[in-house]
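Here is the structure we will look at, set down as structure tokens.
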Amino acid sequence: MSSSTTRRGDRVRSPRRDPGTTDARPAARRPLLSRVLGVQPIGWLFGAPYLVFAIVVFAYPLVFAIYMSFFDYFFSAPGVEVDKPFVGLDNYIAVLTDPAVLQSFGNVLVFLVINVPLTVVLSIVLATALNKVVHLRTFLRVSYYVPYVTASVALVGVWLFLFGGGGLVNNVLGPLAPDPSWLVNPALAMPTIALFVTWKQLGFYILLYLAALQNVPQELYESASTDGAGPIRSFFSVTVPGVRQATVLVLMLSTIIGANLFTEPYLLTGGGGPNGASASPVLIMYQRGIQQGHPGFAAALGIILTIAVLIVALLQRRFAGGRDE
Amino acid sequence: MSRTSTKLSRPQTILRAVVLGAGAILFLFPFYYMVIGSLQLTPDTSVAGAFPSPDNITTANYEAINSRINLFAGLINSGIFTGGVVLCTVVFGVLAGYALAILKWRGRGATFALVLLVQVVPFQLLMIPLYVLIARNYGLSDNYLGMILPFAINSTAVLVFRQYFLQLPRELFDAARIDGAGELTLLRRVALPLVRPAIVTAVLLTFIGPWNEFLWPFLITKDAAMQPLAVSLANYVTNVAASTANPYGSVLAGAVVLAAPVVILFIVFQRYFVSTDVGSAVKG
């Protein structure tokens, strides 16, 4: 793993070195094609399908989203021209003054405050335990990964059954069961969704931590135990700092995935209910943009959401990344 | 690894086993409950209901949901959607991964940066413009092509391929080139046979994406006959289930049909779902 990392680093830099080596040779001896396109122009041909794909479904829609957010955009049948007036920042102002949008951002905040720390703590602890386990290793790995590989739509069905008014969870809790029940309780709807997503995604983060744990030098554990550190002490002073890069990645990924929540509030709480208490920004993007036909508003909301998430992710990288950044 | 585990005292080892075991039960129980619930004639949400009782077992729920949404057609649609994405990813993703790892061409660094960037920008930001473009401008709603297009080449898979090709010794390629082999021959005869595990890992990773995807096919398919199973099951949950005799039973029956192919596939190929491959690819 560590050897492949250094090798990867070399390869990433190598394209920048190429022009230098190219210029060193007499230019006349090299055909025009390879002078313009590089030593092996066939690379362009091999990369072309991906490049076309990335331009058609990524770069162009990205630019289009920004363009649309400045217009009062209307849906029209193919070929029909409808006036789509330029409205400047109106869409952005409408988004930022919309109480439903503000509520949805608050909901996501609640979600992230529960989901992100829970994800980091549980995945690092379970990965550390799994890493040392000898028996039933495959069985345990499969059990933790299996919610991650299963469709949200299928798992939502079971959670509706488990956490419904007369569901098994309430039956087990008996008099402790919340009233109104989990998914129809304004205070508990978002935390329940956060719990669902933590459970569903945890396997993926355990996988990332397991990969990172293979890179923690064994000598560090040995010298920690020579210094008299027990397993708990060496977890905090060797494992946790050793997998810091993975922690930053887990923080950032779980934040990005959490901020883009859609399926769970749409299905688990019947469209962000009760009374918008579990509505997410992406759910509002769908309702306003596609159901109600205001794609300009939805695009502006999407851009604001993405920028907000990017800022949070960069802050996480800055503060959790530590000195080695 | 083994040396650190010997350092654990006996109670600590037991504690670890208990934590991992309890976790595994917590993770697997909903799956077990999904199957039990799908087989119950009348929903039994009591604690005893979590254990199957012979007189309350039926396949009626499967028949009930199948009469409202065509499960088989849903599976076929999911299969075509997923198959299209996997095919495009394997063909074009391998080409791109090979170009990024082995070939020297101007623009390679920029293309690699683009692959990373595609992973960073969330699909949800692109959802509105893609909907306008694909459904409204190109008229590809209720169409397999429209479903497949935004997911056609999985960027994570491209990174997995690139990572594996990078690990192959360069001398291998230089020798074959001196023998006059073209790049396509090299890729097919030399590189691909050596990275077969990467193909399985990438196919597995790519497969779960579209098979489980809800948002995009939900936006783009309004015709029930074209909907992948995840979409028709979701519509059943939101619209139809309440009006049936055993709503949870039929929803869970649909959930079992949707979940089973991926879970079985994953268990069969789980050894290809290795931490180092996936981890290094995600980290770029």
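Residue numbers (our numbering), protein chains in the order written: chain A, 1 to 325; chain B, 326 to 609. Glycine residues also receive a C-beta, built at the ideal position from the N, C-alpha and C atoms.
Asked	Found
Going by Cα to Cα distance, which pick from 344/B, 404/B, 383/B is closest to residue 531/B?	404/B
Counting C-beta neighbours from all protein chains within 10 Å, is the total for residue 161/A 16 or more, i.e. buried, or is it exposed?	buried
Could one say the Cβ of residue 205/A lies closer than 8 Å to chain B's Cβ atoms, at least one of them?	no
Using only CA atoms, which one of 549/B, 596/B, 574/B, 492/B lies nearest to residue 529/B?	596/B
Which runs of the alpha helix (DSSP H) spanning at least 4 residues fall entirely within the stretch 234-287 of chain A, listed in chain order?	244-259, 263-267, 281-285
Once the 5 residues before and after residue 444/B are set aside, which same chain residues still bring their CB inside 6 Å of it?	480
Just curious, the alpha helix (DSSP H) that residue 351/A is in, first and last residue?	With chain A covering only 1 through 325, there is no way to say anything about residue 351/A.
Residue 152/A CB to nearest chain B CB: under 8 Å?	yes
Residues in the same chain with beta-carbon distance under 7 Å from residue 115/A, minus the five sequence neighbours each way, listed in chain order, please.	194, 197, 198, 254, 258
Does any C-beta atom of chain A lie closer than 8 Å to the C-beta of residue 371/B?	yes
Please confirm whether residue 539/B and residue 559/B have their CB atoms less than 8 Å apart.	yes
Under 7 Å Cβ-Cβ, which residues of chain B neighbour residue 282/A?	449
Specify whether the stretch 48-63 of chain A and the stretch 431-440 of chain B touch according to this definition: at least 3 beta carbon pairs, one from each stretch, less than 8 Å apart.	yes
Can you name the residues of chain A whose CB is closer than 8 Å to the CB of residue 443/B?	54, 58
Could you give the distance in angstroms between the alpha-carbon of residue 276/A and the alpha-carbon of residue 526/B?	40 Å
Name, please, each residue of chain B whose Cβ falls closer than 7 Å to the Cβ of residue 143/A.	349, 352, 353
Restricting to Cα atoms, I'd like to know which of 295/A, 148/A, 180/A is closest to residue 201/A.	148/A
From the DSSP output, in three-state form, read off residue 339/B for me.	helix
With burial defined as no fewer than 16 other Cβ atoms inside 10 Å of the residue's Cβ, what is the status of residue 167/A: buried or exposed?	buried
Beta-carbon of residue 563/B versus every beta-carbon of chain A: anything under 8 Å?	yes
Could you tell me whether any Cβ in chain B is nearer than 8 Å to the Cβ of residue 27/A?	Below a pLDDT of 50, predicted positions are generally treated as unreliable, and residue 27/A, at 47, falls in that range; the measurement from the model is reported next regardless. Output row for residue 27/A: interface = no.
Which same chain residues end up closer than 8 Å to residue 547/B when comparing Cβ atoms and leaving out the 5 residues on each side of it in sequence?	466, 467
If you drop the 5 nearest sequence neighbours on each side, which residues of the same chain put their C-beta closer than 7 Å to that of residue 98/A?	none
For residue 260/A, go through chain B and note every residue whose CB falls closer than 7 Å to its CB, in chain order.	447, 449
Less than 8 Å between the beta carbons of residue 170/A and residue 181/A, yes or no?	yes
Quick check for students: name the residue ranges of the alpha helix (DSSP H) that lie wholly in the stretch 565-599 of chain B, counting only runs of 4 or more.	572-593
Within 10 angstroms of its Cβ, does residue 24/A collect 16 or more other Cβ (buried), or is it exposed?	Reliability fails at residue 24/A, whose pLDDT of 44 lies under 50, so the model's placement of it is uncertain and the value that follows must be treated cautiously. Per the 10 Å Cβ criterion, exposed.
Does DSSP put residue 292/A in a helix, a strand or coil?	coil
Do residue 296/A and residue 71/A have their C-beta atoms closer together than 8 Å?	yes
Reducing DSSP to helix, strand and coil, say where residue 356/B ends up.	helix
Compute the Euclidean distance between the alpha carbons of residue 345/B and residue 477/B, then round it to the nearest angstrom.	38 Å
Are the C-beta of residue 541/B and some C-beta of chain A separated by less than 8 Å?	no
Can you list the alpha helix (DSSP H) stretches of 4 or more residues lying completely in the stretch 389-465 of chain B, in chain order?	396-413, 419-426, 433-445, 448-455
For residue 123/A, which residues of its own chain have a beta-carbon under 8 Å away from its beta-carbon, when the five flanking residues on both sides are left out?	202, 205, 206, 208, 209, 250
Determine the chain B residues that contact residue 38/A at a beta-carbon separation under 9 Å, and present them in chain order.	428, 429, 430, 431, 432, 433
Quick one, which residues of the stretch 290-320 of chain A are near chain B if we go by CB-CB under 8 Å, in chain order?	290, 295, 298, 299, 302, 303, 305, 306, 309
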